[in-house]
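Data block below; observations after.
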Amino acid sequence: MDFITYLKEFFSFDFIGMKYSYTLWFLALVFYLITNKFLRKLINKRLKIYLYKRRRKIFYRFLFIRFIKITKPFITTFNFFLLEHTVSIFIQNEYLSYIVFLIYLFLFSWCSYQTSKFFIHINLTIKIRKKRINRRKIFYNLYVNVSKVLIFLVVFIILLSKIGVDLSTLLTSLGIGSAILAFSAKNTLTNFFDSLILVGEDAFRVGDWIQTKDIEGDVVEFGVLSTKIRTFENSMVTIPNSVLVHDYVKNLSMREIGRRIKFNLRLKFTNDTDEIDKVIKEIRSMLGKNPLIVTTDKIKEQRKRTKKKYNEDSLYNIEDKYGIKRSFLVYFDAIDKYSMNILVYAFSVSINWEDWLDTKEDVLKKVIQIIDNSSLELAYPKNEIILDKTSINATTVK
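Numbering-wise, this note's numbering comes out as the position in the sequence shown, counting from 1, plus 7.
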């Protein structure tokens, strides 16, 4: 509160004498009340025109919104300071000073919280624009929650010191109490530290499609203690972070290009290997010309965008790290009991589920057309009964 005391001494105008100090103070207060609303509207209007309308990028619109939110607690604090200083000219009360202290403490907490949110927002937005991180609402929720706890602890300590509590004695007594609290809140602390592990490992992000041993769906919210997943049955499932850490998590969204299409083409037995080679070549040609199937030429632009990452992360395969698949394979793979199998293995350009289904359907239809135009036939399970002609003739004679 030393800063508040300094402001009071500065605005007391005692250097011009007590006779004129009150008059000058009230004139300054009236001038502020008249110009405050007008100036705020003018500044907000100019900022909105410059950042919100002229700048088409969403970052500047976001910056304007965050600026409006962060100015509210500071303007409220300054207005309360003017009100408190004006009232203190006429009223001096010990109990009133405690109330004023609590209000200042609340305003301090509000200003600190909004300031921390402002810098967290700006920092994460800049990183997203530079593509250092993507969709990191995980970090935002975690940082904001941690900042809430820290601000609460600081305010609590200031309040205890104002009341006159000996902090050293309190901290000593809290040693035993914290041990009991830690034991009783063991699961809560475990979930908190496990959430840090998930963030550090970058196992998934908000919006990702993930699959665990029991649950499959989209990540809706990543919290300090638990993760909320929207399943494909449209139900919301809350999973403790400790469960996700100790169980496998398959992330089906963490890939940039390429979703696998794999099936075995089962054909009837034949000795015509030339026809088999012809069908395999036609399928390979069809996949190479299909605009929906990933090939080397289709990912050149993708590799250009990841060239810088490749230089930085040259110790491992860049395509495996960032989820870029381009190979397609068509081979005479096996001779089964009832069929000859041709392996068809490729990747669709889009990783979207519906687009992947469209691509797979298109490939299957074209493969059937290739088989129809050849002398080969698709195999299917069937039973053949071969009768002995001699036994049939003997039965007929009788």
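Where is the CB? At the ideal position from N, CA and C, for every residue including glycine.
Round the Cβ separation of residue i and residue j to the nearest angstrom and send it over; I've been treating them as touching at under 8 Å.
i    : j    : result
F229 : V213 : 6 Å
I349 : V301 : The pair is not a contact, with the Cβ atoms about 20 Å apart (cut-off 8 Å).
C118 : F81  : 6 Å
Just to confirm, are residue i and residue j a CB contact at a threshold of 8 Å?
i    : j    : result
M261 : D215 : yes
L370 : I268 : Per the sequence shown, the amino acid found at residue 370 is Val instead of Leu. It is a contact, given that the beta carbons lie within the stated cut-off.
F335 : A353 : yes
F239 : E223 : yes
I358 : E289 : no
L114 : T83  : yes
L274 : S355 : no
L272 : Q218 : no
I5   : V227 : Residue 5 is absent from the structure shown; the chain starts at 8 and stops at 405.
L103 : L166 : no
V337 : R291 : yes
With DSSP collapsed to three states, give me the class of residue i.
i    : result
E223 : strand
R73  : helix
P80  : helix
T245 : strand
T234 : strand
Y120 : helix
P388 : coil
F126 : helix
K275 : coil
K258 : Note that residue 258 is Asn in the sequence shown, not Lys. Reduced to three states, the DSSP call for N258 is strand.
V356 : coil
V252 : helix
R212 : coil
E240 : coil
L299 : coil
D340 : strand
E368 : helix
F270 : strand
Relative to the C-alpha of residue i, which residue among the options is closest?
i    : options                   : result
F87  : I106, K76 and N380        : I106
V162 : S123, F126, Q121 and S116 : S116
V286 : S382, L259 and I217       : S382
F276 : S242, V227, S292 and D343 : D343
Y345 : L364, Y111, T366 and A386 : A386
K332 : N241, S104, N390 and R266 : R266
G295 : L46, N390, K220 and V351  : V351
T280 : I246, M347 and T366       : M347
Considering only residues of the same chain and omitting the five flanking positions on each side of residue i, which have a CB-CB separation below 7 Å?
i    : result
I77  : Q121, T122 and F125
I110 : F87
Once you ignore the five residues that flank residue i on each side, which residues in its own chain have a CB closer than 8 Å to its CB?
i    : result
E282 : S381, S382 and L383
E101 : none
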